[in-house]
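Here the structure comes first, spelled out in C-alpha cells, and everything after it is commentary.
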Amino acid sequence: MTVRLDFGTRAVLWTLIGVAMLSLIASLWPRSGPSTTVRPQDLAMRRGEAVAVSTSQDGRVVYLSDGVRVYRSTAYGDEGTWKLIAEAASR
452 MTVRLDFGTR AVLWTLIGVA MLSLIASLWP RSGPSTTVRP QDLAMRRGEA VAVSTSQDGR
512 VVYLSDGVRV YRSTAYGDEG TWKLIAEAAS R
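Following our numbering, the numbering of the sequence shown begins with 452 at its first residue and continues without gaps.
In C-alpha cells, the structure reads:
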C-alpha cells in the first residue's frame, strides 16, 4: 500500500525537512568570532602562584593580577568585560 501525495504536500514536506536540516547545521556553526577580550578565569595557574583581587571604593571596578598581568572589569559578573591593562615586560 503506497500513499500518493500531491505536489503541494510534497513541496511542503521537503521544505520542512530542509528547514530542519538547516536549523541543525546552523546550531553547530559559531554565531560570533573569537572574543577579543581577555578571560582571566581561563588563566593557567600553577601551584604556588597567587592571584590578587582588588576593587574600587564603590565596588564598580574590579582589578585582578596574576603576578605578570593586570586586568580590569568595569562590569564584574558580565562575560567579556575583562580588559588587559598592564603586562610585565619579558626578560
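Just so you know, even glycine gets a beta-carbon here, dropped at the ideal spot from N, CA and C.
Exposure label - residue i; buried when at least 16 CB within 10 Å
i: residue 515; result: buried
i: residue 474; result: exposed
i: residue 513; result: buried
Whole-angstrom distance between residue j and residue i, CA atom to CA atom
i: residue 533; j: residue 526; result: 8 Å
i: residue 503; j: residue 477; result: 41 Å
i: residue 508; j: residue 523; result: 14 Å
i: residue 540; j: residue 466; result: 59 Å
i: residue 505; j: residue 480; result: 38 Å
i: residue 529; j: residue 517; result: 20 Å
i: residue 469; j: residue 456; result: 18 Å
i: residue 453; j: residue 461; result: 14 Å
For residue j and residue i, believed in contact at Cβ under 8 Å, the rounded distance
i: residue 537; j: residue 511; result: That pair is no contact at about 19 Å.
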